[in-house]
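Just so we're aligned: the sequence shown equals residues 1 to 248 in our numbering. Just so you know, even glycine gets a beta-carbon here, dropped at the ideal spot from N, CA and C.
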Amino acid sequence: MESKIIGTTLPVVEIKLEAGETIVSESGELSWMSAAIGLQTSTRAGAPSGTFGRLKRMVGGGGLFMTEYTAQGGPGIIAFATKMPGQIFPVTVEPGRGYMAHRHGFLCATPGIEVSVGFQQSLGAGIFGGEGFLLQKIQGQAQAWIELDGEVVEYDLAPGELLRVHPGHVGLFEESVSFNITTVPGIKNKLFGGDGFFLAALTGPGKVWLQSLPIPNLAHALLPYLPQAQSSSGGGGIGGMLGGILNQ
Numbered sequence: 001m002e003s004k005i006i007g008t009t010l011p012v013v014e015i016k017l018e019a020g021e022t023i024v025s026e027s028g029e030l031s032w033m034s035a036a037i038g039l040q041t042s043t044r045a046g047a048p049s050g051t052f053g054r055l056k057r058m059v060g061g062g063g064l065f066m067t068e069y070t071a072q073g074g075p076g077i078i079a080f081a082t083k084m085p086g087q088i089f090p091v092t093v094e095p096g097r098g099y100m101a102h103r104h105g106f107l108c109a110t111p112g113i114e115v116s117v118g119f120q121q122s123l124g125a126g127i128f129g130g131e132g133f134l135l136q137k138i139q140g141q142a143q144a145w146i147e148l149d150g151e152v153v154e155y156d157l158a159p160g161e162l163l164r165v166h167p168g169h170v171g172l173f174e175e176s177v178s179f180n181i182t183t184v185p186g187i188k189n190k191l192f193g194g195d196g197f198f199l200a201a202l203t204g205p206g207k208v209w210l211q212s213l214p215i216p217n218l219a220h221a222l223l224p225y226l227p228q229a230q231s232s233s234g235g236g237g238i239g240g241m242l243g244g245i246l247n248q
């Protein structure tokens with residue numbers, strides 16, 4: 001198996017599979033593939049064992065179904081593209097060396113990957129539509145590719161070293177890093193600071209990769225420049241679509 005990342009602003013990971021080799025992704029992530037690649041969709045791939053494990057994957061931002069792409073009778077290529085301007089980040093996942101990623105971070109992996117919910121905490125009605133903050137837990141024994149939005153900044157935290165981050169900028173971190181949600185200190189900062197009520201507290205040891213372009217931030221920036229469609233329900237047209245984006 002060979003892989004290469006093509007492009008800069010909107011990159012693609014292209015993977016060459018030898019006969020019998022397989023790549024796993026969530027349904028709907030495929031960009032293109034050669035004729036030698038066959039596919040099979042199921043609920044088993046990429047999930048911890050049992051029905052509960054599959055439900056945990058859904059809660060973590062994934063879908064119920066995963067698709068396995070296998071080279072049949074000879075080598076073939078398959079490609080997955082980013083949905084946002086950003087980067088595709090390859091990681092090696094091993095027992096005791098897992099990762100936590102933002103809820104739409106998992107792109108694809110070799111068999112042996114396990115994707116489930118890693119963290120869930122309510123942030124109130126003011127952030128992410130009141131649905132809370134979710135992370136994907138990525139474990140198992142596999143090579144995985146993670147989609148991070150915008151530019152990526154890496155920090156290697158020493159034991160006990162603390163980094164406070166706006167939750168939307170949390171892209172990926174090693175499972176050895178402790179993660180908590182804290183409030184912004186000071187009532188004036190909460191009410192007038194413009195930075196939200198909550199921050200993610202990341203404590204080492206371990207590596208952290210932060211993303212510069214969270215989807216909610218992009219949607220907020222574009223909203224004033226887009227026409228607002230009128231509807232009886234108040235949720236139609238572009239405004240309704242952006243509302244859906246902000247609640248992702």
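- Three or more Cβ pairs closer than 8 Å define a contact, and the stretch 89 to 106 falls short of that threshold against the stretch 67 to 74.
- Assignment of beta-bridge partners to residue 17 by DSSP yields 76.
- Between residue 90 and residue 143, the C-beta gap is smaller than 9 Å, which places the two residues in contact.
- For residue 142, the three-state secondary structure derived from DSSP is strand.
- Looking at the DSSP output, residue 102 bridges to 135.
- Judged by their CB atoms, residue 172 and residue 201 are not nearer to each other than the 9 Å cut-off.
- DSSP places residue 200 within a strand segment (E or B) once states are collapsed to three.
- For residue 118, the secondary structure class from DSSP, reduced to helix, strand or coil, is strand.
- Note on residue 215: 16 or more other CB atoms within 10 angstroms of its CB, so buried under the neighbour-count rule.
- Looking at the DSSP output, residue 155 bridges to 208.
- For residue 163, the enclosing beta strand (DSSP E) stretches over residues 162 to 165.
- Nearest in C-alpha terms to residue 26, of all of 198, 146, 77 and 93, is 146.
- Residue 82 and residue 177 have their C-alpha atoms roughly 26 Å apart.
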